[in-house]
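21 is the number of the first residue of the sequence shown in the numbering used here; add one for each residue after it.
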Amino acid sequence: MRGKPDPALRLWEYDRAIPAAGFLCGIDEAGRGPLAGNVVAACVVLDLKAQPISGVDDSKRLSPKAREALFPQIRERALAFGIGEATPEEIDRVNILQATFLAMRRALEAMPMKPDLLLVDGNQTVPGVDIPQKTAVGGDGLSLSVAAASILAKVTRDRAMAEWDRIYPEYGFARHKGYGTAEHRESLLRHSLSPIHRRSFCRSFLQSGTPAPA
């Protein structure tokens, strides 16, 4: 009985069909929506002449166990990768969109090579970057490079939230990763803000006493 086709093959074919000379770099983020924690971006350059890393897919389609298993494989087999973050304080100061771009620029700066084309998940290019860019809405479900970046960003952020859970166990960060679940909203109303909460995301419903929508 044949198993399910490897999603990485389809994503690999998408990247290989992009007319680009040189190295393609996928970039994605994790953590734009949560009420707490950093927004994390990752960028990945893969060897598209080699066979793809089996099992790579949009991080949202993978279980935590699968993401953790793929994380070291991507780091080991990538030609280059970089990870960057922006803090809750930076998010509050410049807004989440600009903080996401900041994290992406930091990820690119952390990479030991300059790619020839940047493939950005979404519909907006990253400002302040002197690399040709192409956008792809839903890119983490289309491109192997973007999907690999989504896994690095997601695992990095989830691990950080698990560490914050040890420091602030009353919020349940290890379970909801800072997203606005009912549990998280109730803990905010009981305990107010921790140092890692995004004030601009939480202020309105804390003032009203009404939980924000998830």
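Virtual Cβ for every residue (Gly too), placed ideally from N, Cα, C.
Check	Outcome
Below 8 angstroms CB to CB, which residues in the same chain sit around ALA123 once its five sequence neighbours on both sides are set aside?	GLU49, ASN58, VAL59, VAL60, ALA61, GLY104, GLU105 and ALA106
Quick check on the DSSP output: what are the complete beta strand (DSSP E) runs of length 3 or more inside the segment 140-179, in order along the chain?	153-156
When you compare only the Cα positions, how much space is there between PRO25 and LEU164?	15 angstroms
Between the alpha carbons of THR120 and HIS196, how many angstroms are there, rounded?	20 angstroms
I'd like to know if the segment 78-95 and the segment 146-153 are in contact, where contact means that at least 3 CB-CB pairs between them fall below 8 angstroms.	no
Any idea what DSSP makes of ILE47, helix, strand or coil?	strand
How many Å lie between GLU129 and LEU68 at the Cα?	22 angstroms
Classify SER214 as buried or exposed, calling it buried when 16 or more other Cβ atoms lie within 10 Å of its own Cβ.	buried
Mapping the DSSP letters down to three states, classify ILE94 as helix, strand or coil.	helix
Give the range of the alpha helix (DSSP H) segment to which ILE111 is assigned.	108-114
Distance check for LEU209 and ARG186, CA to CA, integer angstroms please.	20 angstroms
Taking the alpha helix (DSSP H) that ALA28 falls in, what are its first and last residues?	27-36
For a quick check, are the C-beta atoms of LEU162 and ALA156 less than 8 angstroms apart?	yes
Look up LEU137 in the DSSP assignment and say whether it is helix, strand or coil.	strand
Rounding to the nearest angstrom, what Cα-Cα distance links LEU90 and ILE171 in this structure?	8 angstroms
Within 10 angstroms of the Cβ of LEU138, are there 16 or more other Cβ atoms? Answer buried if so, exposed if not.	buried
Under a three-way DSSP split, which group does ALA130 fall into?	coil
Relative to the C-alpha of GLY192, which residue among LEU55, LEU117, GLU110 and SER74 is closest?	LEU55
Out of curiosity, what's the CA-to-CA distance linking PRO39 and ARG223?	46 angstroms
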